[in-house]
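*Asks:*
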Amino acid sequence: MLGTLTHPTADPTDDRAPDAAIAIADPPAPVVAQWPGASPVVPDTSLVGRDADLRAIHELAVHGESQFITLVGVGGVGKSRLAAELAVRALAEHEGRIATVPLDAVSDASMVLPAIAGAVGVADEPGRPLPDALAEALGDGRTLLILDTAEHVRGAAPALADLRERTPGLTVLVTSRVALGVPRERVVWLEPLATPGEGDTDVEAVLRSPAAQLFLERAHAVRPDVEVTPTNAALIGELCRRLDGIPLALELAAAALRVLSPHQLLDQLSERLAAAETDPSGAAVPQRQRSLRAAMDWSIELLGPEVLRLYRRVAVIAGSFSASTAASVLERGERRGLAPTGIHVTEGLDQLAGASLLRREPGGRSYAMLTTVRADALDRLAASGEQVAARWAHAYEVLAVVEAAELDLPTEREVEALDRLDEAHDDIREALDWATAQGDGAFAVRLTGALAEFWRTRGHHTEGRLRLAAALALGPDAPARYRRRALAGAGLLASFQGDYALGESYLREALAVAEEDGDQEACAAVLNWLGTNSYWRGDLDRSEAYISESLILRRRLEDPAGIAAALNALGGVYHFRGDLDRAREMFLESLALKQGLGNANSMAVSLTNLGLVERDAGRPADAAGAFAEALAIWERTGDRQRIAVALHNAALLDLDLHRHDAAARGLEQALVIARELGDRTEVAFALADRARVDVERGRL
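Numbering (our numbering), first residue to last: 3 to 702.
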């Protein structure tokens, strides 16, 4: 059973007042989104001609029963734009429980659930399947999950349908060019905008057409003098009909009025439509697809060959990008043999934005391509013979960003480095997909190994494990230093998910590679991680043996940062055993080394561990001092996840001393931060300890 088919588009001449269910004219006041990483983006243009469609989809997705809805339509018809408008308007009614997850940069169906988890801050947990964690996170009350652009990952449809079925209160709205074919799917077709009738020459009749309204509104942005008059009404009506009422095609045509008159525009469009009747293979092209292709053709060629080169080459960038990023990618392409574009990057990007082929992001300092436009640009790139060089230029730009961030992760710049990787995540996926498709295992191993700590810290454990396993299988002959790093990363992520045996297997292989390569520093690092794996398994004797061996190596290498890390790990073993004196000794020595290195974030970790020892030893004043110092560091560096942990630790100390009001305040502050970040582990522990406060107060 494929589902129910619905056409929500009403009569375009319907002038009834909007339903009470939704105010079309004015969106509601802003509401804080439950999941900032999946917060709806406020559109920067008005929604024209879609009042009836918006009311219909709003009624289904917001006021209807929880269900699986697929919004289907041709490319450029405005599915993403309508979904974005719905998300912004429905925030208040869902009390912020709306998540918008774009899927255009997710090329593998197996990565769809990890992409959703990453957007809503659901971290992988040991022994807990990701679908279970997602169902719990999304199932607390009415939730709307919008998945934008899903036709290329239809293989994920059963997993998405299963998530919907097991999650009370969840409505899934998917935008796609095709129905997904899952049971009980509600398929809603979004039609192009209604165009003026064949015989409409009257100004009022043309102005009643949604297609003409959109064309004129966008035209006024570039030519304020454009109006519908008795002499041009028929021409504008014909133009809208030739473009089949497809919003993107109408916007491109309106942007072309910068340099063409409406008569010239219609003449050139007629030529383009005739040329677009077949694709390069000779197959017939559907009329609506021809309309969009023709609009893109003339919009691009009006800009000249220099801008066309820029257009197709910047399409390799998946997410939003700055002019400097685009310039760096283009320069890398030229070093790989591509001819110079022949135009200054900023000037070319501004011309593309003026032609509606690029979208300026809020703030005006970055750009992005609509999915449909990007697909056209990538097709042109492939046909130009420039694809291989341009794609590798992008991949190596991504690698440079990732490896620079990796160097910053053990420093005070950790938070900024993680934020940069968050912003680059879509491009990271594109680069890995390209390298994999080209069979370049060495590149994939190098890039995934550099990303392991990012995936661990941000909770993308499943995605990281899948990517690392694929890269390691593809690149068995990758250089030793990159393969060792990727093996160690795979081992750590497996261990974090409770797959300790596999984690140890990866780490032992990493150790063997490091030993064969004679890399003593790498050997010491992997031994420390093997000790951590054994610690998590509860095998404290093996843990101590591994970490002690690592410590000996690091002392021999005179590596103060490595010594500090090993001492901190060894202190954890002694603390778990209850040997508080030896644990304190390890943490103090670790802290002293870190103070000498000036690594504030790392110092705060040792301070926190030291505070926990002092608390267990019955020295609350010393514990409070250590916790306060750690909190001050993390507030200065902006590490919100660790701020929540520090507040929690201080609250536990208040609870020990029966300072219930202070404990409750600290735990509630920690809860606010943890919920914003989607840190479910911290939320769980903070809730449990908040309950302890009420128990001690007698508020059962």
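A virtual CB, placed ideally from N, CA and C, is assigned to each residue, including glycine.
It should be emphasised that the depicted structure is a prediction, and the values quoted were computed from it without experimental measurement.
Can you tell which of Val79, Arg487, Gly477 has the C-alpha that lies nearest to the C-alpha of Ala444?
*Replies:* What you label residue 444 is simply residue 442 of the sequence shown in a count that begins at 1. Residue Gly477 is the option with its Cα nearest to Ala444.
*Asks:* If Ala196 and Arg220 are in contact, beta carbons under 8 Å, what's the gap, nearest whole angstrom?
*Replies:* Within the sequence shown, residue 196 is the residue found at index 194, counting from 1. Within the sequence shown, residue 220 is the residue found at index 218, counting from 1. Actually they are not in contact, since the Cβ atoms of Ala196 and Arg220 sit about 17 Å apart, beyond 8 Å.
*Asks:* Over what stretch of residues does the beta strand (DSSP E) that includes Ile71 continue unbroken?
*Replies:* Residue numbering aside, residue 71 sits at position 69 when the sequence shown is read from its first letter. Element bounds for Ile71: 70 to 74.
*Asks:* Are the region 572 to 590 and the region 611 to 618 touching, with three or more C-beta to C-beta distances below 8 Å?
*Replies:* yes
*Asks:* By the DSSP assignment, the alpha helix (DSSP H) with Ala377 in it spans what residues?
*Replies:* By 1-based counting over the sequence shown, the position of residue 377 is 375. According to the DSSP assignment, Ala377 belongs to the alpha helix (DSSP H) that extends over 373 to 386.
*Asks:* What does DSSP give as the partner residues of Trp191 in its beta bridges?
*Replies:* Position 189 of the sequence shown, counted from the start, is the residue given in the question as residue 191. Beta bridge pairing from DSSP links Trp191 with Val74.
*Asks:* Do you know how far the Cα of Leu250 is from the Cα of Gly520?
*Replies:* Indexing the sequence shown from 1 puts residue 520 at position 518. Indexing the sequence shown from 1 puts residue 250 at position 248. Distance between the alpha carbons of Gly520 and Leu250 is about 59 Å.
*Asks:* Quick one: what's got a C-beta closer than 6 Å to Leu689's C-beta in the same chain, skipping five residues either side?
*Replies:* Here the question's residue 689 lines up with position 687 in the sequence shown. Correct list: empty, nothing qualifies.
*Asks:* State the DSSP-derived secondary structure class of Ala688, mapped to helix, strand or coil.
*Replies:* Position 686 of the sequence shown holds residue 688. Ala688 falls in the helix class under three-state DSSP.
*Asks:* Quick one: give me the first and last residue of the alpha helix (DSSP H) that Ala619 is part of.
*Replies:* Numbered from its first residue, the sequence shown carries residue 619 at position 617. It is not in any alpha helix (DSSP H) - Ala619 carries neither H nor E in the DSSP assignment.
*Asks:* Report whether the distance from the Cβ of Arg460 to the nearest heavy atom of the ligand FAD is below 8 Å.
*Replies:* This structure does not include the ligand FAD; it has no bound ligands of any sort.
*Asks:* Can you name the residues that DSSP bridges to Asp150?
*Replies:* Position 148 of the sequence shown holds residue 150. Asp150 pairs with Pro104.
*Asks:* Answer yes if the region 154 to 165 comes into contact with the region 50 to 58, meaning at least three C-beta pairs across the two stretches below 8 Å, and no otherwise.
*Replies:* no
*Asks:* Counting Cβ pairs closer than 8 Å, one from the region 383 to 390 and one from the region 364 to 375, do we hit at least three?
*Replies:* no
*Asks:* Would you mind sorting Ile554 into buried or exposed? The rule is 16 or more other CB atoms within 10 Å of its CB.
*Replies:* Counting from one through the sequence shown, the residue named residue 554 turns up at place 552. With fewer than 16 other Cβ atoms within 10 Å, it is exposed.
*Asks:* When DSSP labels each residue in this structure, what does Arg558 get in the three-state scheme?
*Replies:* Residue mapping note: residue 558 aligns to position 556 of the sequence shown, counting from 1. Looking at Arg558 - three-state DSSP - the assignment turns out to be helix.
*Asks:* So, with DSSP's three-state summary, where would you put Thr450?
*Replies:* Translated into the one-based positions of the sequence shown, residue 450 becomes position 448. Helix at Thr450.
*Asks:* Along the chain, where does the alpha helix (DSSP H) containing Val174 start, and where does it finish?
*Replies:* Along the sequence shown, read from residue 1 onward, the residue named residue 174 stands at position 172. That residue, Val174, is in no alpha helix (DSSP H); its beta strand (DSSP E) goes 172 to 178.
*Asks:* Distance, Cα to Cα, Arg557 vs Ala107?
*Replies:* Working through the sequence shown from its first residue, we reach residue 557 at position 555. Working through the sequence shown from its first residue, we reach residue 107 at position 105. Going from the Cα of Arg557 to the Cα of Ala107 covers about 45 Å.
*Asks:* For Leu340, which residues of its own chain have a beta-carbon under 6 Å away from its beta-carbon, when the five flanking residues on both sides are left out?
*Replies:* Mapped onto the sequence shown, residue 340 falls at position 338. For Leu340, where only same-chain residues beyond five positions count, the Cβ hits under 6 Å are Glu388, Ala391.
*Asks:* Judging by CA-CA distance, which residue of Tyr313, Ala329, Trp394, Leu401 is the nearest neighbour of Ala379?
*Replies:* In the sequence shown, counting from the first residue as 1, residue 379 sits at position 377. When each option's Cα is compared against that of Ala379, the closest is Tyr313.
*Asks:* Looking at Leu146 and Ala89, is the spacing between their C-beta atoms short of 9 Å?
*Replies:* For the purposes of this step, residue 89 is taken as residue 87 along the sequence shown, with counting starting at 1. For the purposes of this step, residue 146 is taken as residue 144 along the sequence shown, with counting starting at 1. Yes, the Cβ-Cβ distance between Ala89 and Leu146 is below 9 Å.
*Asks:* I need the DSSP call for Thr203, collapsed to helix, strand or coil.
*Replies:* Translated into the one-based positions of the sequence shown, residue 203 becomes position 201. In the structure shown, Thr203 sits in coil (DSSP, three-state: anything other than H, G, I, E or B).
*Asks:* Among the residues of its own chain, which have a CB less than 8 Å from the CB of Leu599, if the five just before and after it don't count?
*Replies:* Position 597 of the sequence shown, counting from 1, holds the residue named residue 599. Contacts found: Pro562, Ala563, Ala566.
*Asks:* Taking the beta carbon of Thr151 as the centre, do at least 16 other beta carbons fall within 10 Å, making it buried, or is it exposed?
*Replies:* As a position in the sequence shown, residue 151 is number 149, starting the count at 1. Buried is the call here.
*Asks:* Using the C-alpha atoms, what's the distance from Leu182 back to Arg156?
*Replies:* Translated into the one-based positions of the sequence shown, residue 156 becomes position 154. Translated into the one-based positions of the sequence shown, residue 182 becomes position 180. Rounded to the nearest whole angstrom, the C-alpha separation of Arg156 and Leu182 is 6 Å.
*Asks:* Roughly how many angstroms separate the alpha carbons of Arg469 and Ser211, rounded to a whole number?
*Replies:* Here residue 469 refers to the residue found at position 467 when the sequence shown is read from its first residue. Here residue 211 refers to the residue found at position 209 when the sequence shown is read from its first residue. Distance between the alpha carbons of Arg469 and Ser211: 49 Å.
*Asks:* Going by the DSSP bridge assignment, what does Phe717 pair with across the sheet?
*Replies:* Only positions 3 to 702 of the chain appear in the structure, and residue 717 is not among them; the question remains open.
*Asks:* If I measure Cβ to Cβ from Leu259 and keep anything under 6 Å in the same chain, skipping five residues before and after, which residues do I get?
*Replies:* For the purposes of this step, residue 259 is taken as the residue at position 257 of the sequence shown. The residues are Ala221, Val224, Arg225.
*Asks:* Assign Thr197 to one of three DSSP states: helix, strand, or coil.
*Replies:* What you label residue 197 is simply residue 195 of the sequence shown in a count that begins at 1. Coil at Thr197, not helix or strand.
*Asks:* Going by the CB atoms, is the gap between Asn570 and Ser711 shorter than 9 Å?
*Replies:* The chain is shown from 3 up to 702; residue 711 falls before or after that span and cannot be answered.
*Asks:* Kindly confirm or deny that the region 479 to 495 and the region 445 to 459 touch, where touching means at least three C-beta pairs closer than 8 Å.
*Replies:* yes
*Asks:* With DSSP collapsed to three states, give me the class of Thr327.
*Replies:* For the purposes of this step, residue 327 is identified with residue 325 of the sequence shown, where counting begins at 1. Correct three-state label for Thr327: helix.
*Asks:* Are the region 71 to 84 and the region 171 to 190 touching by the rule of at least three beta carbon pairs closer than 8 Å?
*Replies:* Three or more Cβ pairs closer than 8 Å define a contact, and the region 71 to 84 meets that threshold against the region 171 to 190.
*Asks:* From what residue to what residue does the alpha helix (DSSP H) around Val647 run?
*Replies:* Mapped onto the sequence shown, residue 647 falls at position 645. From DSSP, the alpha helix (DSSP H) with Val647 extends over 642 to 658.
*Asks:* Does the Cβ-Cβ distance between Leu304 and Ala385 come in under 9 Å?
*Replies:* Taking the sequence shown and counting its residues from 1, one reaches residue 304 at position 302. Taking the sequence shown and counting its residues from 1, one reaches residue 385 at position 383. No; because the gap between Cβ atoms is not below 9 Å, this pair is not in contact.
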